[in-house]
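S.K.: Counted the way full-length UniProt numbering counts, the sequence shown spans residues 1 to 278.
We put the CB at the ideal spot given by N, CA and C, even for glycine.
Being a predicted model, the structure only gives us computed values, none of them experimental.
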Amino acid sequence: MQPSERRSLTVSVNPACFIRWPPATPTIPAEQRALQFRPISRNVCSTGLSSCKVHAAEPGKRTPTILCIGDSLTSGSRGSFSYPEELQAMLEQEGIDMKVSNGGNWGDTTDQIRRRLPSLMQSVMSQGGRLAFVLVLAGTNDLLQLPPLEATVSLSIPRIAGKIKEILDIASQAAFHPHVGILSLPPLLSRDVGRLKLNQSLRQLFGAPGLPHRSQVPGAGARFLVDLDTVDAALSTDGVHYGQEGYNQFAKRVMQVILPMLKADAAHRRLAVSSISA
Numbered sequence: 001m002q003p004s005e006r007r008s009l010t011v012s013v014n015p016a017c018f019i020r021w022p023p024a025t026p027t028i029p030a031e032q033r034a035l036q037f038r039p040i041s042r043n044v045c046s047t048g049l050s051s052c053k054v055h056a057a058e059p060g061k062r063t064p065t066i067l068c069i070g071d072s073l074t075s076g077s078r079g080s081f082s083y084p085e086e087l088q089a090m091l092e093q094e095g096i097d098m099k100v101s102n103g104g105n106w107g108d109t110t111d112q113i114r115r116r117l118p119s120l121m122q123s124v125m126s127q128g129g130r131l132a133f134v135l136v137l138a139g140t141n142d143l144l145q146l147p148p149l150e151a152t153v154s155l156s157i158p159r160i161a162g163k164i165k166e167i168l169d170i171a172s173q174a175a176f177h178p179h180v181g182i183l184s185l186p187p188l189l190s191r192d193v194g195r196l197k198l199n200q201s202l203r204q205l206f207g208a209p210g211l212p213h214r215s216q217v218p219g220a221g222a223r224f225l226v227d228l229d230t231v232d233a234a235l236s237t238d239g240v241h242y243g244q245e246g247y248n249q250f251a252k253r254v255m256q257v258i259l260p261m262l263k264a265d266a267a268h269r270r271l272a273v274s275s276i277s278a
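1) Less than 7 Å between the C-beta atoms of S190 and I157, yes or no?
2) Could you round the C-beta distance between R195 and L185 to whole angstroms and report it? I think they count as a contact, below 8 Å.
3) Helix, strand or coil, according to DSSP, for R223 in the structure here?
4) Measuring alpha carbon to alpha carbon, tell me which of I170, A222, V180 and E86 ends up nearest E245.
5) Can you grab the Cα-Cα spacing for the pair A251 / A171, in whole Å?
6) Between which two residues does the beta strand (DSSP E) containing A180 stretch?
7) Hey, is G107 close to the ligand GTP, as in C-beta under 6 Å from one of its heavy atoms?
8) Between the Cα of G162 and those of A174, L235 and Q204, spot the shortest distance and give me the residue it belongs to.
9) Use the C-beta contact count for D71: other C-beta atoms within 10 angstroms, 16 or more gives buried, fewer gives exposed.
10) Taking only three categories from DSSP, how would you classify F81?
11) Tell me the rounded alpha-carbon separation between H179 and R223.
12) So, with DSSP's three-state summary, where would you put F176?
13) Whole angstroms are fine: how far does the CA of H177 sit from the CA of I167?
14) Using 8 Å as the Cβ pair cut-off and three pairs as the minimum, do the region 228-237 and the region 248-266 touch?
15) Taking buried to mean at least 16 other C-beta atoms within 10 Å of its own C-beta, is A159 buried or exposed?
16) Tell me whether L137 sits in a helix, a strand or coil according to DSSP, three-state version.
17) Starting from the C-beta of G181, find all residues in its chain whose C-beta is less than 8 Å away, skip the five residues before and the five after it, and write them out in chain order.
18) If we ignore side chains and look at the alpha-carbon of each, how far apart do P39 and A174 end up?
19) Can you find the residues in the same chain that come closer than 8 Å, C-beta to C-beta, to I113, ignoring five residues on each side of it along the sequence?
20) Can you say whether H213 is buried or exposed, counting buried as having 16 or more other CB atoms within 10 angstroms of its CB?
21) Relative to the C-alpha of S101, which residue among K197, G95, G107 and P64 is closest?
22) Give every residue of the same chain whose Cβ lies closer than 6 Å to the Cβ of K197, excluding the five residues on either side of it in the sequence, and list them in chain order.
23) So S82 and H241 are in contact, right, with Cβ under 8 Å, and what is the actual spacing, rounded?
24) Go to T65, then tell me how far its alpha helix (DSSP H) extends in each direction, as first and last residue.
25) Between which two residues does the alpha helix (DSSP H) carrying G194 extend?
26) Could you tell me whether the Cβ atoms of R115 and R62 are closer together than 7 Å?
27) Determine whether the beta carbon atoms of T110 and I164 lie at a separation below 7 Å.
28) Quick check on S119: buried or exposed, where buried means 16 or more other Cβ atoms within 10 Å of its Cβ?
29) Could you give the first and the last residue of the continuous alpha helix (DSSP H) run that contains S119?
30) Less than 7 Å between the beta carbons of L67 and V124, yes or no?
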């Protein structure tokens, strides 16, 4: 078409068909932009951790969180209760605004727990949590996988204890410098001799139960041992796992250790705030 032959074309366009680019950013309510996890609601969400409670929170505010990591003694038997669930209820009864995350996984050995720990800690952070405590209950499946020979078990105990120490070292390096606790193994019917030897090794590594001491990791929180040695073996449902009453005993022993630490931390924060104000 020659320039002189060009004609003006009129195109009718429905205004409803206009596309805005870039698209407008939708307005999202504040409660949807920032979620905080609190032990107030019993609603359950899927987060890679089991049984977490969701509650709207102020932007930028993080909820103190206890991460419990381990095997089925942490996750709870299938369709049963768990000690993290019992611990959550006890914290609520004390009026303590703290969330408990259950990072237990059925059948895990110490190696598997160690590999999962970094991603679990990151998951807590990404969900708006602040790690206050990491509780580790590990070693049961390592013992159960050993041949039932006393010599083999005895030789394996230092290796298992060393793996548990590696888990605690990783936890001690987490953001916010959490306190890190190791739970000794409760009665284990088929491997109880090995369990007692492993618990003895843990006491040698981490000191007397219930006495927090400073980690060797610079800037890290305290370390402590929770004694499950004296949990009533009759509460075991199958020689390994426990019912609600047994896991309630686990949680009570944890509370006996961490409650004074929580009160001391709260007093320290109040002192720090008053010093700044002065």
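M.R.: Reading it off the structure:
1) no
2) 5 Å
3) strand
4) E86
5) 20 Å
6) Inspection of the sequence shows that residue 180 is occupied by Val rather than by Ala. H179 to L183 is the span of the beta strand (DSSP E), which, as asked, contains V180.
7) As far as ligands go, the structure on display features none, and thus does not contain the ligand GTP.
8) Q204
9) buried
10) coil
11) 6 Å
12) coil
13) 15 Å
14) yes
15) The sequence given here has Arg at residue 159, not Ala. The residue is exposed, with fewer than 16 neighbouring Cβ atoms inside 10 Å.
16) strand
17) F133, V134, L135, V136, R223, F224, L225, V226, V254, V257 and I258
18) With a pLDDT of 34 at P39, under the threshold of 50, the modelled position of that residue is not reliable, and the figure given next carries that caveat. Distance between the alpha carbons of P39 and A174 is about 22 Å.
19) I69, G70, D71, N105, V136, A138 and I167
20) exposed
21) P64
22) I157
23) Actually they do not touch by this definition, with Cβ atoms about 10 Å apart.
24) T65 -> not in any alpha helix (DSSP H); beta strand (DSSP E) instead, spanning T63 to G70.
25) D192 to F206
26) no
27) yes
28) exposed
29) T110 to S126
30) yes
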